[in-house]
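Visitor: Have a look at the structure that comes next, please.
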Amino acid sequence: MFEMTGGVWVIAPVEDEPQLCLDDWSVFEVLVPDIGVRTRHFVGTNLRGREGRASSPMVAFDAVTCKGMTASGRVYQLVGKRTGLCSDSSYVWNIWKSRNQVVDVVDVTNEIKKLIAGGSNERA
């Protein structure tokens, strides 16, 4: 693995890590000027390795299984009832926002929790 900046590492390719479990998770909707559209991202603690993660844009979310797929093709399984970021995932998220020049952030975690409670699917 290569260090990207300030203790944040380039993650394994999707082929090597096609799925992971996130604990202490949140979901954020952001506006990145270069993209020009709002996108949603999983942020939390990867249970394997206990490191902070911020995903590429969500493309689908299944509230029944609590699994979501991102633009990279990686599947994120949201685990645990506790949401909110730990210090490591918060740090990674702040680096991600800075590198991607995010201009607007909305925490949509409660919306996702309601979907999970209702067991419905969403296209992100």
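Numbering (the working numbering), first residue to last: 53 to 176. C-beta: ideal position from N, C-alpha, C; glycine also.
Any contact of the region 79-89 with the region 159-171, i.e. 3+ C-beta pairs under 8 Å?
Guide: With a cut-off of 8 Å, the region 159-171 and the region 79-89 count as touching, because enough Cβ pairs lie within range.
Visitor: Specify whether the region 61-72 and the region 149-157 touch according to this definition: at least 3 beta carbon pairs, one from each stretch, less than 8 Å apart.
Guide: No, because fewer than three Cβ pairs between the region 61-72 and the region 149-157 fall closer than 8 Å, the two stretches do not touch.
Visitor: Does the distance from the C-beta atom of residue 137 to that of residue 98 stay below 8 Å?
Guide: Not a contact, by the Cβ cut-off of 8 Å.
Visitor: If you check the beta carbons only, do residue 77 and residue 96 fall under 8 Å apart?
Guide: In contact: residue 77 and residue 96 (Cβ atoms closer than 8 Å).
Visitor: Out of curiosity, what's the CA-to-CA distance linking residue 54 and residue 62?
Guide: The pLDDT assigned to residue 54 is 40, lower than 50, so where the model puts this residue is not dependable; a value taken from the coordinates is nonetheless given after this. If I take the Cα positions, the gap works out to 6 Å.
Visitor: Please give me, in chain order, every unbroken run of the alpha helix (DSSP H) with length at least 4 that falls completely inside the region 133-160.
Guide: Fully enclosed alpha helix (DSSP H) runs of 4 or longer: 139-151.
Visitor: Assuming residue 92 and residue 121 make a contact with CB atoms under 8 Å, what is their CB distance in whole Å?
Guide: Contact doesn't hold; Cβ gap of about 12 Å is too wide.
Visitor: Helix, strand or coil for residue 72? Go by DSSP, reduced to three states.
Guide: Residue 72: strand per DSSP, three-state reduction.
Visitor: Please name the residue or residues paired with residue 95 in a DSSP beta bridge.
Guide: 78 and 106.
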